[in-house]
Amino acid sequence: MTAFGTVFMPEMAISWFDGSRWSEAEIVPSDSLRLHPGAHVLHYSSTCFEGLKAFRHGDGSIKIFRMDRNLARFAQSSRLLSLPPIDEATTGKMVIDIVSRFADEVPEVPGSLYIRPTHIGTEPVIGKAAAPSVTSCQYVLLSPVGSYFSGNGDSGLRLLLEEDAMRCAAHMGMVKSGGNYASALGLILKAKAEHQTDQILFCPGGDVQETGAANFLLIDGNTIITKALDSSFLHGITRDSLLTLARDMGMDVQERQLTVEELLERAAKPGCEAALAGTAAVLTPVGTLLHKGREYPVGSGKAGPTTARLCKALNDIQWGLAEDTHGWLTGL
Ligand SMILES: *Cc1c(COP(=O)(O)O)cnc(C)c1O
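As numbered in the working numbering, the sequence shown has no gaps in its residue numbers, which increase by one up to the final residue, 325.
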């Protein structure tokens, strides 16, 4: 299997905002984007994106998971970045059109077709560090994928607990924007080099938030604990879906503040589990936490049964193996 996100379908859907209206969406070769080198996005990071997946069901039909929620977040990110407003219905049609065109290329499960809507400020102006781009472009790229964190077996990820630094500026956390990943990258690379960690779990001031690109869930017996929504972190749709499924199963879902102290205390208990939730990661087990030079295995240090059960419940809906009781799937 090739690395996640390295293969693209040869065409994408695209539409341009000229300052007053969006152009009719077109399907063009995926490498045909033409930008002025002075484009606002290239200097001042006026960019946001989404990540969602289309799945092939046993009957051959193609279903997109929670597209409405991704479109709503795309519109919200665009708004918070002062990009031109996108119309969710129009972007939704672009998604449906391009996925329909490549429906035959949607991999069999557990693979899927990863969908990447992107919105960028295109105005050729380098004098607008403190003003929005008047023009913009949105496009929808497709990438067939397998699984994101491969080769971990059942040992789980190693996470460094970082209390001093933040993933991104506190008011930008809920925006799915390139600058936030750039802001976290140096820290993640440093942690990898110094501690052989897979990811950093950002816990500014002892408040457990999320990793670079996935939300964090602590599973202690029948209880799930995860940070309550605020503007400091990304409101994952996988997180929301898993919490909904956990409630359906009768679990006690606690959306509240989780401190590093409580996390380490609970993680030490046998049977405790932790996992990362995201469209790409789905629900990936966390095996070890590193804090102030010490290693803390989470429970057994291996993938746990509740993580597996929640992951399966989500996959079953995505893959058409369980009834879509929440209306999360959109057909083409
Ligand atoms: C995309 C993302 C997530 C996960 O969101 P999903 O909607 O579940 O894919 C979590 N955190 C960050 C920082 C992200 O970029």
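We put the beta carbon where it would ideally sit given N, CA and C, even for glycine.
Practice item. Rounded to whole angstroms, what's the CA-CA distance from G114 to G53? Just pull it up for me. Key: Rounded to the nearest whole angstrom, the CA to CA distance from G114 to G53 is 38 Å.
Check your understanding: Using 8 Å as the threshold, is the segment 232 to 251 in touch with the segment 301 to 321, meaning 3 or more CB pairs across them?
Key -> Yes, the segment 232 to 251 is in contact with the segment 301 to 321.
Review point. Just reading off the alpha helix (DSSP H) that M87 is part of, what are its end residues?
Key: 81 to 94
Point to revise | Length-filtered (4 minimum) alpha helix (DSSP H) runs lying within the segment 211 to 259 | key: Look at the segment 211 to 259 and you find these whole runs of alpha helix (DSSP H), each 4 residues long or longer: 230 to 241.
Review point. In chain order, what residues of the same chain lie with their CB nearer than 7 Å to the CB of T277, ignoring the 5 residues before and after it?
Key: These residues qualify, in order along the chain: F142, L150, A268, L269.
Check your understanding: Is K169 near ligand 1, judged by its Cβ being under 7 Å from some heavy atom?
Key -> yes
Review point. CA-CA distance, P137 and S105?
Key: About 6 Å.
Exercise for review: Classify S176 as helix, strand or coil using the three-state DSSP reduction.
Suggested key: helix
Check your understanding: Three or more beta-carbon pairs under 8 Å between the segment 281 to 295 and the segment 62 to 77, yes or no?
Key -> no
Review point. With 16 other CB atoms within 10 Å as the buried threshold, where does K220 fall?
Key: Answer is buried; the Cβ neighbour count reaches 16.
Review point. Can at least three beta-carbon pairs, one atom from the segment 45 to 52 and one from the segment 91 to 106, be found at a separation below 8 Å?
Key: yes
Point to revise | Buried/exposed call for D191, threshold 16 Cβ in 10 Å | key: buried
Review point. Cα separation between K183 and L325?
Key: 43 Å
Point to revise | Closest residue to A260 among T323, T(-1), G313, G280 (Cα-Cα distance) | key: G280
Check your understanding: Does the segment 66 to 77 come close enough to the segment 201 to 212 to have 3 or more Cβ pairs within less than 8 Å?
Key -> no
Practice item. Count the other CB atoms, across all protein chains shown, that sit within 10 Å of the CB of I119; report buried if there are 16 or more and exposed otherwise. Key: exposed
Practice item. Report the rounded CA-to-CA distance for G144 versus T300, giving the unit in angstroms. Key: Note on G144: pLDDT 48, under 50, position unreliable in the model; no value is reported.
Exercise for review: Using only the heavy atoms of ligand 1, determine whether one of them is closer than 7 Å to the beta carbon of T231.
Suggested key: yes
Practice item. With a cut-off of 8 Å on the beta carbons, I'd call A239 and I218 a contact; round off their distance for me. Key: Their Cβ separation, rounded to whole angstroms, is 11 Å, which puts A239 and I218 out of contact at 8 Å.
Check your understanding: Which residues in the same chain have their Cβ closer than 8 Å to the Cβ of D90, if we skip the five residues on either side of it in sequence?
Key -> A6, A18, I20
Practice item. Return the CA-CA distance between T40 and G229, expressed in angstroms with no decimal places. Key: 18 Å
Exercise for review: Look at the Cβ atom of S70, then the Cβ atom of K169, and state whether they are nearer than 8 Å.
Suggested key: yes
Review point. Exposed or buried, which one is Q250 when buried takes at least 16 other CB atoms within 10 Å?
Key: exposed
Check your understanding: DSSP on C130, reduced to helix/strand/coil?
Key -> strand
Check your understanding: Secondary structure at D309, three-state DSSP: helix, strand or coil?
Key -> helix
Point to revise | Three-state class that DSSP yields for H290 in the structure shown | key: Rather than His, the amino acid found at residue 290 in this sequence is Pro. P290: strand per DSSP, three-state reduction.
Practice item. Express the C-alpha separation of H284 and C327 in angstroms, rounding to a whole number. Key: Shown here, the chain extends from -6 to 325; a query on residue 327 therefore has no answer.
Check your understanding: So does E101 have its beta carbon nearer than 7 Å to some heavy atom of ligand 1?
Key -> no
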